[in-house]
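Presented below is the structure to which this report refers.
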Ligand SMILES: Cc1cc2nc3c(=O)[nH]c(=O)nc-3n(C[C@H](O)[C@H](O)[C@H](O)COP(=O)(O)O)c2cc1C
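Residue numbers (the working numbering): 890 to 1239.
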């Protein structure tokens, strides 16, 4: 398929399909996005390869792979394993380091005209603060997504995202170090007892919005080698298998914080999947694992979502955000007819 054809997607549906007339624009923490469909961090690098399948300037935004201060080789291989309806990965935040990212990837995204949400990751609160300070001086960043699903070297490798205090410390450091106009999205882990408690702590620490959810910690054992399938033993589970968990997280957080912008993600591979997240309360969605087997998925999902919104009788996507939270419609019983009365009598007296 030609790039021009695929690129029609995020701008609207095919000219004569019902979705073509739907306003798919999103106001995400003050960012005006033409589409609610974003890439998920780590699943489309910095968008260069994806751009040969989908015109990335028509996406809501490209969310880049989490970047750290220094270059990293990541974990040993094998670091991916298929699972039922999903995959397990232990890439280990492989990347070129922030200097190279700014020089090669971010500059390319800016020159390409894509809206860019830069994802950052660190091993200490100080590393996150340094990354924020570095990015503050750089043009072309729409928002920062803070990946806090990283082990804290100063705290026995405990993951920042799993405790309200450490999650808040990271967000506070990033907020202080960043330009006050740059929205900051805290990306939360589902591997916690109460995601609302973590959301509360990062909002109080200065997060503008939330990205829900990162992968779930999982493990696969190879029954032939009788060893863990991943060299890193455990990995992050993603794909359709985690979608109900992700939708539940979005639902709970939206119910607790109705005004806080949410980017939802986890196993989205169709417009209907994306719509579930929007109805649960996400303002926008990220598409991750699906891109590996269908690189044009973000454009297709946009078109399918637009058609579904139109099919529901709506002209603006914004009107269905969080709509699943409304009270169920009361059941109106028809006036009984003479026939109903008769049925009732015969049932009572067979
Ligand atoms: C191969 C791979 C690499 C990922 N790398 C990152 C990353 O660098 N930073 C991050 O915040 N999330 C990362 N994620 C998590 C995704 O951004 C997303 O939150 C998760 O996979 C759920 O969405 P999905 O089911 O659509 O993939 C990665 C996921 C995968 C599958």
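Virtual Cβ for every residue (Gly too), placed ideally from N, Cα, C. Please read all numbers here as calculations on a predicted model, not as lab measurements.
- The stretch 982-999 makes no contact with the stretch 1068-1084; the number of CB pairs closer than 8 Å stays below 3.
- Shortest Cα-Cα distance from residue 936 to any of 951, 1106 and 925 involves 951.
- DSSP assignment within the stretch 1147-1196 yields the following whole alpha helix (DSSP H) runs of 4 residues or more, N-terminal first: 1160-1169 and 1179-1182.
- The C-beta separation of residue 949 from residue 1001 comes to about 15 Å, leaving the pair out of contact by the 8 Å criterion.
- Between ligand 1 and the CB of residue 930, the shortest heavy atom gap is smaller than 7 Å.
- According to the DSSP assignment, residue 1066 belongs to the alpha helix (DSSP H) that extends over 1053-1066.
- For residue 954, the three-state secondary structure derived from DSSP is coil.
- Per DSSP, the continuous alpha helix (DSSP H) segment holding residue 996 begins and ends at 996-1001.
- In the three-state reduction of the DSSP assignment, residue 1073 falls in the strand class, which pools E and B.
- In this structure, ligand 1 has no non-hydrogen atom nearer than 7 Å to the beta-carbon of residue 1164.
- With respect to the 8 Å criterion, residue 946 and residue 924 are not classified as neighbours on the basis of their beta carbons.
- In this structure the stretch 1204-1221 touches the stretch 1163-1183; the number of beta carbon pairs closer than 8 Å is three or more.
- Three or more Cβ pairs closer than 8 Å define a contact, and the stretch 1133-1153 meets that threshold against the stretch 1077-1087.
- Not one heavy atom of ligand 1 falls within 7 Å of the beta-carbon of residue 1087.
- Of the heavy atoms belonging to ligand 1, at least one sits nearer than 7 Å to the Cβ of residue 982.
- Per DSSP, reduced to three states, the secondary structure at residue 1133 is helical.
- Counting the other CB atoms within 10 Å of its CB gives residue 1187 a total of 16 or more, which places it among the buried residues.
- Proximity to residue 1133 across 1104, 915, 1145 and 1118 peaks at 1104, based on C-alpha coordinates.
- Looking only at 1080, 1069 and 933, the smallest Cα-Cα distance to residue 1039 is reached by 1080.
- Non-local beta-carbon contacts of residue 1054 in its own chain, meaning distances under 8 Å to residues more than five positions away in sequence, involve 1090 in chain order.
- Sequence-distant Cβ neighbours of residue 1044 in its own chain, meaning closer than 7 Å and more than five residues away, are 1055.
- Counting only runs of 4 or more residues that sit fully inside the stretch 961-1040, the alpha helix (DSSP H) segments are 996-1001 and 1014-1025, in chain order.
- With a cut-off of 8 Å on Cβ pairs, the stretch 1147-1155 is not in contact with the stretch 1117-1126, counting fewer than three such pairs.
- Less than 8 Å divides the Cβ of residue 956 from the Cβ of residue 1007.
- DSSP, reduced to helix, strand and coil, places residue 1101 within a strand of the structure shown.
- C-alpha of residue 906 to C-alpha of residue 1196: approximately 7 Å in a straight line.
- Separation of the CB atoms of residue 1185 and residue 1157 is rounded to 14 Å, and the pair is thereby denied contact status at 8 Å.
- Proximity to residue 969 across 1183, 1111, 1115 and 1217 peaks at 1111, based on C-alpha coordinates.
- Measuring C-alpha to C-alpha distances from residue 1077 to each of 1170, 1201 and 1052 identifies 1052 as the nearest.
- Comparing alpha-carbon positions, the option among 1171, 978 and 915 lying closest to residue 1144 turns out to be 1171.
- Distance from the C-beta of residue 1176 to the nearest heavy atom of ligand 1 is below 7 Å.
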